[in-house]
Structures are given as C-alpha cells and as structure tokens.
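Under the numbering used here, the first residue of the sequence shown is numbered 95, with each subsequent residue one higher. Only one structure is covered here, and it is reproduced in the block below.
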Amino acid sequence: MSDKFNAIDESLNTKYEIAKSQENSSKVEVVKDNQTNDIKKDYEYTRANLYSLIEKGQEAINGIMELAGEGGSPRAYEVAGQLIKSVADTTDKLIDLQKKLKDVEEDVGNNKGPNTVTNNAVFVGSTSELQKLLKQGFLNNKE
Numbered sequence: 095m096s097d098k099f100n101a102i103d104e105s106l107n108t109k110y111e112i113a114k115s116q117e118n119s120s121k122v123e124v125v126k127d128n129q130t131n132d133i134k135k136d137y138e139y140t141r142a143n144l145y146s147l148i149e150k151g152q153e154a155i156n157g158i159m160e161l162a163g164e165g166g167s168p169r170a171y172e173v174a175g176q177l178i179k180s181v182a183d184t185t186d187k188l189i190d191l192q193k194k195l196k197d198v199e200e201d202v203g204n205n206k207g208p209n210t211v212t213n214n215a216v217f218v219g220s221t222s223e224l225q226k227l228l229k230q231g232f233l234n235n236k237e
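Below, the structure is given as structure tokens:
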C-alpha cells in the first residue's frame, strides 16, 4: 500500500505513514431522564404534606369544637369556622394537585413540536406578472 504513495512522498518531500487508530474502550452511558422521577417525587411529597395538613386540621377542628361547646364563646365558633374553611381549601388543593400532575405529564410527553401545519402560499414571480394576474382576475370577476 505504501508503494502507491512513494511517488507523491518523493515529489512533496514527505514521509507517508499509516497511523493505527486506538480503540477507545470507554462505554457510553445512557443518562436516564430524571425529570419524570423528580416530578413523581415532588408529587408524592406534596401529596403527603397535604394529607398531613388535612389530618392536623381535622384534629384542630375537633379540639376547637369542644372548646366552643364548653365555653359558648362566639370567638371560638368563629375560629372553628375558619379552621373548617382552611381544611376544605386544603382538600381542594389535593384535587388540584392531581390535575396539575396530569398537565405536567402531558407537557413532558409531548415534546414533538406543534401539532398544526401552516402552509404559506407565496407568489414567485415579478411584480409585473403579479399585476397582470390581478388585472385578469378583476376582468374575469366583472364578466
């Protein structure tokens, strides 16, 4: 094989050598998409916190209802009402969390691009050709 290039080496005053490639034995590691794992972790953490808040709120409601029943104070009933509203809002947040998780999973899964295709019709020609076509169109519409 080196005989083929001797004439070129002599004329260019160079030396031809075949370099052997070194094989790289390092393996390419595939990195898993951690985004879905993080979403699941965050969802489960938030869900557990909301459950904990709801349970503590229910215990507080039971306690304040006992106090309101014993003392008959209007302020105790007002606080009980606020606690009930707070626990109800937290349960609504738990349901909203489900919807948000579904939306996030759809967004992560749909990284394909837009679903709609826009076709733009463009006239390729000179302005004089465009004027002729427009003029013919107006004449055809009048007849």
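Every residue gets a Cβ at the ideal spot worked out from N, C-alpha and C, and that includes glycine.
Take K194 and list the residues in its own chain whose beta-carbon comes closer than 7 Å to its own, dropping the five residues that flank it on each side.
Here residue 194 corresponds to residue number 100 of the sequence shown, with the count starting at 1. For K194, there are no CB contacts under 7 Å within the same chain when 5 residues up- and downstream are skipped.
Here's the rule: buried if 16 or more other CB atoms are within 10 angstroms of the residue's CB, otherwise exposed. What is A174?
Walking along the sequence shown from the start, residue 174 turns up at place 80. Classification of A174: buried, given that the 10 Å Cβ count is 16 or more.
Roughly how many angstroms separate the alpha carbons of D186 and K134, rounded to a whole number?
As a first step, residue 186 is located in the sequence shown; it is residue number 92 there, counting from the start. As a first step, residue 134 is located in the sequence shown; it is residue number 40 there, counting from the start. Cα-Cα distance, rounded: 20 Å.
According to DSSP, is K126 helix, strand or coil?
As a working mapping, residue 126 is identified with position 32 in the sequence shown. The pLDDT assigned to K126 is 49, lower than 50, so where the model puts this residue is not dependable, and the model offers no usable value.
When the Cα of I189 is compared with those of L161, Y145 and V216, which residue comes out closest?
Taking the sequence shown and counting its residues from 1, the one referred to as residue 189 is at position 95. Residue Y145 is the option with its Cα nearest to I189.
E153, DSSP secondary structure in three states
If you number the sequence shown from 1, residue 153 lands on position 59. DSSP, read as helix, strand or coil, puts E153 in helix.
On the criterion of 16 or more Cβ atoms from any shown chain inside 10 Å, does L106 qualify as buried, or is it exposed?
Numbered from its first residue, the sequence shown carries residue 106 at position 12. Only exposed fits L106, as fewer than 16 other CB atoms lie within 10 angstroms of its CB.
With a cut-off of 8 Å, do at least 3 Cβ pairs link the region 175 to 183 to the region 138 to 158?
With the rule of 3 Cβ pairs closer than 8 Å, the region 175 to 183 counts as touching the region 138 to 158.
Inter-residue spacing [alpha-carbon to alpha-carbon] between K126 and V211:
Indexing the sequence shown from 1 puts residue 126 at position 32. Indexing the sequence shown from 1 puts residue 211 at position 117. Summary for K126: the model assigns pLDDT 49, below 50, so the residue's position carries little reliability, and this model does not support an answer.
By a C-beta neighbour count over all protein chains shown, 10 Å radius and 16 as the cutoff for buried, is I158 buried or exposed?
By one-based count along the sequence shown, residue 158 stands at place 64. Buried, by the Cβ-count rule.
Just the C-alpha distance for V202 and D136, rounded to the nearest angstrom, thanks.
Numbered from its first residue, the sequence shown carries residue 202 at position 108. Numbered from its first residue, the sequence shown carries residue 136 at position 42. Taken atom to atom, the span from the alpha-carbon of V202 to that of D136 is near 15 Å.
DSSP three-state label for E111, please.
For the purposes of this step, residue 111 is taken as the residue at position 17 of the sequence shown. Secondary structure at E111: coil, using DSSP grouped into helix, strand and coil.
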